[in-house]
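There are 2 protein chains.
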Amino acid sequence: MSDIAKRVGTSVAAVSVTLNGAKSTTLRVSDDTRKRIFEVAEELRYKRNPMAGALATGRTQVLGLMLPSQDAYAAHDPFYSLVTTGVTACASTHGYNVMLYSATSEEEGDRAASMIDKRVDGLVLVSPPKGTPIFAECQRQGIPVASILGEPEEGPLQIRSDDYQGGLIATRYLVSLGHRRIAHLKGREHIATTQPRLQGYLDALKEAGIAPESEWVVPGDFNRETGRESTVQLLRRANRPTAIFAANDLSAHGALEAIRDEGLKVPGDVAVLGYDDTWYATVTRPALTSVRMHIEELGRRAADLLIRHLEGEAPTRDTEIIVPVSLTIRESCGGKAISM
Amino acid sequence: MSDIAKRVGTSVAAVSVTLNGAKSTTLRVSDDTRKRIFEVAEELRYKRNPMAGALATGRTQVLGLMLPSQDAYAAHDPFYSLVTTGVTACASTHGYNVMLYSATSEEEGDRAASMIDKRVDGLVLVSPPKGTPIFAECQRQGIPVASILGEPEEGPLQIRSDDYQGGLIATRYLVSLGHRRIAHLKGREHIATTQPRLQGYLDALKEAGIAPESEWVVPGDFNRETGRESTVQLLRRANRPTAIFAANDLSAHGALEAIRDEGLKVPGDVAVLGYDDTWYATVTRPALTSVRMHIEELGRRAADLLIRHLEGEAPTRDTEIIVPVSLTIRESCGGKAISM
DNA sequence: AGATTTTGATTAAGCGCTTAATTTTTGGAT
DNA sequence: ATCCAAAAATTAAGCGCTTAATCAAAATCT
């Protein structure tokens, strides 16, 4: 900058203001010098040093993105790529960069919290465990947080998917196909989405006048292997269900495998319905009918909300966004019916 | 820091040096004050401001990771998650952070190059197009670059997979199963890996005394849809091949679908062999036999090489790393034979 | 013509940290 | 007691940018 200033014959301050299209300042620059400054900047291939700017302003123009430990579950789950894509897309249109933090499971919480520093203006947290120390730490440091698929919580901005609705429409759909014995392969315990999906499932059954049997709800953790095991249990029961609603596509895939292993057909003998509707659902045979979560949108909204908040635009108290779900019908449930 | 200094009754400089475990400096601190400094830092929950540090030292402790435009091809490909995981893992063990840049296709090159600034100490580029302006820009700014799966090029550190060997062992394996009419579903044009894999394929055929027919090599772009289409062409030819070696798992999956659509069996009628061996290969039916690329390792090595370079450790002129491949045998080729 | 506003700038301080240069204190050796 | 080196510090400058405070000249008004 000082080079430019020298060349143009003006002060560094003028250059700074000009090059940043600064708004509210007492410093004014004539069109003439303004033009010259741009010319010389171009000529010198000037590149702003963001570190210096950050130090001076206290803003880094960087968003942190913290994903849960990949290895713990679903290292494969396209979910994370999609969230990342969404966050990055939105961030970059607003001139923000994205910094990746992945918390590996051992460092849960404390270790993760210790990584937080003024390198980022805000943080996007993906399905954080309830009450993670990260919230407190960010608060302490004055870093706003947007949590995607987190438990309802004081403080952070929240972006949630309508899980209850998801459970509801999934189950209603199965009911509409004539199923009465519908099982639910649950999501991982202590993840915010698990309970509402279950509740939607239960309510849809009640709605249809079906008395849910407790045995129909089997444990899962979003993984293929567990989905498979739980399904095997399910199928070997005396009066096996004719449909399975799985809490995500990976475990639905496990279910598919289990059913095939037991010598049964999908959807002929057992219908399977997944959740997330990532491309994963299109790879299995048969392709999964699945509740679509609009994951990328979750990421986009999170980044958007956060950035708005950062730029102080309308300190909206509607700090919570619920993204609607839809149902994508493919082959794993048979029936071409109904769009919900 | 000045708070700590005041509290302890020493200078900011002393605090700085102590807290960073600084090495070569003339400033010395007694064990006593050192201890006190740590105490007070703890007590005050001191958090270093990395921006200030970066400005002072010119090092940010951040690595950039630039992925090619996701939407262009293989938005689904687990490849990118894996590279990211590898880079992040290595970076974080060395105390580096990772900043995500995704170049969307329109902004190819120039636009991408313009994002480069002193925010990062080094840049990892994933399969950059030959001679992208990014290289030049980084050079200009003195930012070292490690390129993963790029074309051989002057300048950047290079991490490559042994694609030639991959093509070789894949094809040899098919030959060993008795196939003589082996097709190759090519990778995307102008991507560094495409040619060597093809060459390996050709050489393996020659080795086996098979004269390759030009019709056996069909175009692909790493996508499922294209894989499918090209395979359909292949199968409708008079004398169709009995085996297909695809340049990645996605397109292999397309081939699988095409074969099924044509009423043929895998591996009974046609064997299919994939490449990359991501988990994708385990999802298809039948599961894909595939050349394993050790993608995460590519990411790790890239980050490692880059960081070493940054820390000036042994300015090794071996600026190129070739990671070996292996073959994972599953169902899509039949035969349990041979491990290579 | 003088007072006042507007326009176009400059100066200076400071963001929080690093690091070289310099100074003071301490503890032997003579 | 005195000198000297080693130990333990302090001072000061600077990284590149931002921003408030200040100032001078030109334009406008009365």
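Heads up: the sequence lines are chains A and B, in that order.
For the first sequence, this note's numbering assigns the number 1 to the initial residue and increments by one for each residue that follows.
For the second sequence, this note's numbering assigns the number 1001 to the initial residue and increments by one for each residue that follows.
Backbone N, C-alpha and C define an ideal beta-carbon position, used for all residues, glycine too.
In this text the structure is predicted, and so the values were computed from the model without any measurement.
Query                                                                                                                               : Result
Contacting residues, own chain, Cβ-Cβ under 8 Å from Gly1334(B) (five flanking each side not counted)                               : Leu1177, Pro1267, Gly1268, Ala1271
Cβ neighbours of Arg240(A) in the same chain (closer than 8 Å, five flanking residues each side left out)                           : Arg181, Leu234, Val270
Exposure label - Arg1301(B); buried when at least 16 CB within 10 Å                                                                 : buried
The segment 112 to 129 of chain A: positions lying closer than 7 Å to chain B by Cβ                                                 : Asp117, Lys118, Arg119
Proximal residues of chain B, C-beta to C-beta of Ala141(A) below 9 Å                                                               : At residue 141(A) the sequence reads Gln, which differs from the Ala that was named. What Gln141(A) touches in chain B: Lys1047.
Listed by chain order, chain A residues near Thr1253(B) by CB distance under 9 Å                                                    : Here residue 1253(B) is His; the residue named in the question, Thr, does not match the sequence. By Cβ distance, chain A contributes Val283.
Chain A contact for Ser1230(B) (CB, 9 Å cutoff)                                                                                     : no
From Val1126(B), Leu1044(B), Gly1299(B), residue whose alpha carbon lies closest to that of Lys1006(B)                              : Leu1044(B)
CB contact flag (Pro379(A), Gly122(A), <9 Å)                                                                                        : Lying outside 1 to 340, the shown extent of chain A, residue 379(A) is not represented and no answer is given.
Distance between Val291(A) and Gln165(A) (C-alpha atoms, nearest Å)                                                                 : 10 Å
Within-9 Å CB hit, Pro1144(B) to chain A                                                                                            : no
Pairwise C-alpha distance: His1179(B) and Tyr73(A)                                                                                  : With a pLDDT of only 45 at Tyr73(A), under the threshold of 50, the placement of this residue in the model should not be trusted, and no figure is reported.
Member of Ser114(A), Ala112(A), Glu39(A), Glu311(A) whose CA lies at the smallest distance from the CA of Ile4(A)                   : Glu39(A)
The segment 188 to 202 of chain A in contact with the segment 152 to 170 of chain A per 3-pair CB rule at 8 Å                       : yes
Nearest candidate by alpha-carbon position, reference Ile1307(B), set Thr1026(B), Ser1081(B), Cys1090(B)                            : Cys1090(B)
Presumed contact (8 Å Cβ cut-off) between Val126(A) and Leu63(A), rounded CB distance                                               : Contact flag wrong, Cβ pair sits at about 13 Å.
Proximal residues of chain B, C-beta to C-beta of Asn341(A) below 8 Å                                                               : This structure cannot settle anything about residue 341(A), because the visible part of chain A is limited to 1 through 340.
Ile321(A), enclosing beta strand (DSSP E) - first and last residue                                                                  : 320 to 323
Cutoff 9 Å: Ala1052(B) Cβ touching any chain A Cβ                                                                                   : yes
Residue range of the alpha helix (DSSP H) that includes Tyr201(A)                                                                   : 194 to 207
Per-residue DSSP class, three states only, for Val1083(B)                                                                           : helix
Per-residue DSSP class, three states only, for Ala72(A)                                                                             : Only weak support is given to the placement of Ala72(A): the predicted model assigns it a pLDDT of 45, under 50, and the value that follows is read from those uncertain coordinates. Here Ala72(A) sits in coil by DSSP.
Beta carbon proximity, Val1266(B) to chain A, threshold 9 Å                                                                         : no
From Thr1289(B), Ala1113(B), Trp1279(B), Ala1103(B), residue whose alpha carbon lies closest to that of Glu1296(B)                  : Trp1279(B)
Three or more C-beta pairs below 8 Å linking the segment 134 to 154 of chain A and the segment 203 to 220 of chain A                : no
Contact under 9 Å by Cβ, Leu65(A) with Met99(A)                                                                                     : yes
Under 8 Å by beta carbon: chain B residues contacting Val98(A)                                                                      : Met1099, Leu1100
Segment contact, 8 Å Cβ cut-off, at least three pairs: the segment 1183 to 1190 of chain B with the segment 1242 to 1255 of chain B : yes
Identity of the residues DSSP links to Gln158(A) by a beta bridge                                                                   : Ser147(A), Glu320(A)
Ser2(A) at chain B interface by Cβ criterion, 9 Å                                                                                   : no
Segment contact, 8 Å Cβ cut-off, at least three pairs: the segment 209 to 218 of chain A with the segment 1026 to 1036 of chain B   : no
For Phe245(A), the residue or residues it bridges with in DSSP                                                                      : His184(A), Leu273(A)
Exposure label - Glu311(A); buried when at least 16 CB within 10 Å                                                                  : exposed
Same chain, Cβ closer than 6 Å to Ser1002(B), neighbours up to 5 away in sequence not counted                                       : Val1012
Per-residue contacts from Tyr80(A) into chain B (C-beta, under 8 Å)                                                                 : Ser1081
Amino acids of chain B, ordered along the chain, whose beta-carbon sits closer than 7 Å to that of Thr60(A)                         : Met1051
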